[in-house]
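Comments concern the structure below.
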Amino acid sequence: MTFNQPAINGIFSPPPPTREAGLARLAAFIPQAGRAYAVGRNTDPGPGAPSAVSGLSPYLRHRLLRETEVISAVIARHGAGGAEKFIQEVFWRIYWKGWLELRPALWTSYRQRLAALREDAALMLRAEQAMRGETGIGCFDAWARELAQTGTLHNHTRMWFASIWCFTLKLPWLLGADFFFQHLLDADAASNLLSWRWVAGCQTPNKPYIARAANIAHYTNGRFAPYGVLNEAPEPVAEPNPPAMQTLPAIDDLPRGKLALLLHEDDLGAGGLALSGMNIVALGGLALAAARAFGPVSEQAAGWTRAALAGSLSQASRAYGLAAPVLAPDALAAWARDAGAEAVITPYAPVGWTADALRAAEAKLHGAGLRLHRLRRAFDARCWPLARRGFFDFKAHIPALLKEVP
Ligand SMILES: Cc1cc2nc3c(=O)[nH]c(=O)nc-3n(C[C@H](O)[C@H](O)[C@H](O)COP(=O)(O)OP(=O)(O)OC[C@H]3O[C@@H](n4cnc5c(N)ncnc54)[C@H](O)[C@@H]3O)c2cc1C
Numbered sequence: 508m509t510f511n512q513p514a515i516n517g518i519f520s521p522p523p524p525t526r527e528a529g530l531a532r533l534a535a536f537i538p539q540a541g542r543a544y545a546v547g548r549n550t551d552p553g554p555g556a557p558s559a560v561s562g563l564s565p566y567l568r569h570r571l572l573r574e575t576e577v578i579s580a581v582i583a584r585h586g587a588g589g590a591e592k593f594i595q596e597v598f599w600r601i602y603w604k605g606w607l608e609l610r611p612a613l614w615t616s617y618r619q620r621l622a623a624l625r626e627d628a629a630l631m632l633r634a635e636q637a638m639r640g641e642t643g644i645g646c647f648d649a650w651a652r653e654l655a656q657t658g659t660l661h662n663h664t665r666m667w668f669a670s671i672w673c674f675t676l677k678l679p680w681l682l683g684a685d686f687f688f689q690h691l692l693d694a695d696a697a698s699n700l701l702s703w704r705w706v707a708g709c710q711t712p713n714k715p716y717i718a719r720a721a722n723i724a725h726y727t728n729g730r731f732a733p734y735g736v737l738n739e740a741p742e743p744v745a746e747p748n749p750p751a752m753q754t755l756p757a758i759d760d761l762p763r764g765k766l767a768l769l770l771h772e773d774d775l776g777a778g779g780l781a782l783s784g785m786n787i788v789a790l791g792g793l794a795l796a797a798a799r800a801f802g803p804v805s806e807q808a809a810g811w812t813r814a815a816l817a818g819s820l821s822q823a824s825r826a827y828g829l830a831a832p833v834l835a836p837d838a839l840a841a842w843a844r845d846a847g848a849e850a851v852i853t854p855y856a857p858v859g860w861t862a863d864a865l866r867a868a869e870a871k872l873h874g875a876g877l878r879l880h881r882l883r884r885a886f887d888a889r890c891w892p893l894a895r896r897g898f899f900d901f902k903a904h905i906p907a908l909l910k911e912v913p
């Protein structure tokens with residue numbers, strides 16, 4: 508697979524999956540992160556057309572760029588007030604991560620319920636027709652194809668798409684979330700799952716997000732105008748209550764001695780993790796490209812993540828002078844033991860498929876006498892426990908949190 512700057516004129520190439528490309532994109536975006544972003548961010552001018560949004564999400568989601576460095580960079584240019592809207596959007600990501608982190612059982616129940624829905628053959632026929640873009644609703648069908656082709660959709664379009672999926676097509680939001688997991692380059696357990704719940708009206712109870720034809724016509728610059736086609740007076744989707752909130756799992760003291768460092772797709776920037784002085788004797792990467800969805804993961808999305816992991820591994824390999832193999836979860840114990848490691852350290856994986864795989868691998872590591880130690884970033888540990896209620900409540904903490912951005 509080749510990666511170039513995105514230019515959708517017939518053929519789309521995803522953005523290059525490297526930190527350098529993310530930094531270049533950030534530098535190019537910074538001048539527009541103030542008023543231009545606030546004014547233009549809701550407009551989707553169509554694939555390939557210049558847009559007011561940053562396109563940074565695949566980099567942020569895989570932590571090739573850190574939220575804190577993106578926030579610092581826009582503040583340096585615009586001040587916190589001048590870039591308020593953009594900063595707030597980055598904090599939506601942090602908020603969703605924290606909200607799910609405090610309620611991990613929601614992820615487990617989503618996966619169980621999704622597996623059960625997929626047993627319903629008639630339902631799957633309807634859902635797959637929608638995924639192929641064969642519903643007869645012009646905008647929706649175009650967006651389904653755009654997502655499969657490009658691995659992304661504009662935020663406003665994701666909202667319209669999810670709303671039409673739930674309320675006009677009357678399909679379960681869980682199948683729609685799985686469709687997004689199959690294709691998005693920025694597929695993220697918390698942002699995707701909770702945004703679908705938000706649209707369906709079960710995240711903020713009884714407040715479904717309603718896609719309206721007039722709003723679509725306005726913010727697509729008239730490319731679509733689905734008047735008379737959409738259900739604009741829906742009932743919110745009935746859902747079980749979210750699970751009780753829990754506290755963040757504690758992190759043990761750092762192990763000493765010989766350590767094996769494991770990278771994974773949830774945090775590919777080892778920078779900022781305070782690894783200097785540690786005795787790293789083995790390096791490896793966890794390969795999980797297909798684990799994110801129940802349906803088939805697109806080669807484009809899987810390939811992006813694989814290439815991002817490979818790039819980070821080869822940088823770490825040069826820095827530590829060690830080989831850096833890509834490993835399946837059940838190969839971790841032998842890899843660490845054969846290198847003489849006394850423990851495995853890994854960046855903290857928030858709730859999602861990587862955390863699931865690490866938990867499953869942990870028993871085998873313990874069996875080999877190896878502890879798995881997760882390194883949680885200080886800013887995550889500071890922000891996530893604040894995601895107890897709605898975003899409005901969380902937002903009140905942003906001024907104080909900005910003072911702590913490293
Ligand atoms: C149904 C649905 C599913 C979504 N699934 C995902 C997903 O899997 N992964 C994902 O990263 N985002 C998801 N989002 C949020 C949002 O659509 C994307 O983060 C955004 O479109 C990314 O484009 P950008 O980088 O140009 O954003 P910008 O507008 O430039 O924003 C900058 C950064 O802020 C964060 N951000 C912006 N808007 C949101 C938001 N509404 N929620 C959370 N973070 C936000 C992203 O990290 C983004 O890169 C979803 C939204 C909806 C409605």
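If you're matching positions, the sequence shown starts at 508 in the working numbering and goes up one per residue. Ideal placement from N, C-alpha and C gives every residue a C-beta, glycine not left out.
Exercise for the section: Indicate the three-state DSSP secondary structure (helix, strand or coil) for His880 in the structure shown. Expected result: Position 373 of the sequence shown, counted from the first residue, corresponds to residue 880. DSSP places His880 in the strand class (E or B) of the three-state scheme.
Problem - Same chain only: Cβ atoms within 6 Å of Lys902, ignoring 5 sequence neighbours per side - result: Looking up residue 902 in the sequence shown gives position 395. Same-chain partners within the cutoff: there are none.
Handout entry: Neighbour-count burial assignment, Gln917, 16 or more Cβ in a 10 Å radius
Key = Examination of residue 917 is not possible in this model, given that the chain is present from 508 through 913 alone.
Problem - Coarse secondary structure for Pro554, derived from DSSP in three states - result: For the purposes of this step, residue 554 is taken as residue 47 along the sequence shown, with counting starting at 1. Correct three-state label for Pro554: coil.
Exercise for the section: Using 10 angstroms around the beta-carbon of Glu772, count the other beta-carbons present and answer buried if the total reaches 16, otherwise exposed. Expected result: Translated into positions along the sequence shown, residue 772 becomes position 265. When all chains shown are included, Glu772 counts as buried.
Exercise for the section: Using 6 Å as the cut-off, classify the Cβ of Arg665 as near or not near the heavy atoms of ligand 1, replying yes or no. Expected result: Numbered from 1 along the sequence shown, position 158 holds the residue referred to as residue 665. Yes, Cβ of Arg665 sits closer than 6 Å to a heavy atom of ligand 1.
Handout entry: Other residues of its chain near Asn699: CB distance less than 8 Å, five sequence neighbours each side excluded
Key = Numbered from 1 along the sequence shown, position 192 holds the residue referred to as residue 699. Excluding residues within five positions, the ones whose Cβ falls inside 8 Å are Ala684, Phe687, Phe688 and Leu691.
Handout entry: Inter-residue spacing [alpha-carbon to alpha-carbon] between Gln512 and Ala531
Key = Taking the sequence shown and counting its residues from 1, one reaches residue 512 at position 5. Taking the sequence shown and counting its residues from 1, one reaches residue 531 at position 24. Here the model assigns Gln512 a pLDDT of 41, short of 50, so the residue's position is not dependable and the matter cannot be decided.
Problem - Rounded straight-line distance, which links the Cα of Ile723 to that of Ala707 - result: The sequence position of residue 707 within the sequence shown is 200, counting from 1. The sequence position of residue 723 within the sequence shown is 216, counting from 1. Distance between the alpha carbons of Ala707 and Ile723: 18 Å.
Practice task
Grab me the residues of Gly640's own chain with a C-beta within less than 6 Å of its C-beta, minus the 5 sequence neighbours each way, in chain order.
Solution key: Start at 1 with the first residue of the sequence shown, and residue 640 comes out as number 133. Closer than 6 Å at the Cβ level, and outside the excluded window around Gly640, lie Asp648, Ala651 and Arg652.
Exercise for the section: Report whether the distance from the Cβ of Gly919 to the nearest heavy atom of ligand 1 is below 6 Å. Expected result: Because the chain in this structure spans residues 508 to 913, residue 919 falls outside the shown range and cannot be described.
Exercise for the section: Identify every residue that forms a DSSP beta bridge with Asn786. Expected result: One-based indexing of the sequence shown puts residue 786 at position 279. Beta-bridge pairing links Asn786 to Lys765.
Problem - Val858: first and last residue of the uninterrupted alpha helix (DSSP H) it sits in - result: In the sequence shown, residue 858 corresponds to position 351, counting from 1. Where Val858 is concerned, there is no enclosing alpha helix (DSSP H), given that its DSSP letter is neither H nor E.
Problem - Cα-Cα separation, Thr675 to Gly735 - result: In the sequence shown, counting from the first residue as 1, residue 675 sits at position 168. In the sequence shown, counting from the first residue as 1, residue 735 sits at position 228. Approximately 11 Å between the Cα atoms of the pair.
Exercise for the section: Within the same chain, show all residues whose beta-carbon is closer than 6 Å to that of Phe668, passing over the 5 residues directly before and after it, in chain order. Expected result: As a working note, residue 668 is residue 161 in the sequence shown. Hits under 6 Å: Trp650.
Exercise for the section: Please list, in chain order, all residues of the same chain as Pro679 whose beta carbon is under 7 Å from its beta carbon, the five residues on each side excluded. Expected result: The residue you call residue 679 lines up with position 172 of the sequence shown. Excluding its 5 nearest sequence neighbours in each direction, Pro679 has C-beta neighbours in its own chain below 7 Å: Leu624, listed in chain order.
Exercise for the section: Ignore the nearest five residues each way along the sequence and tell me which others in Pro552's own chain have a CB closer than 7 Å to its CB. Expected result: One-based indexing of the sequence shown puts residue 552 at position 45. Only Ser558 and Asn728 meet the Cβ criterion.
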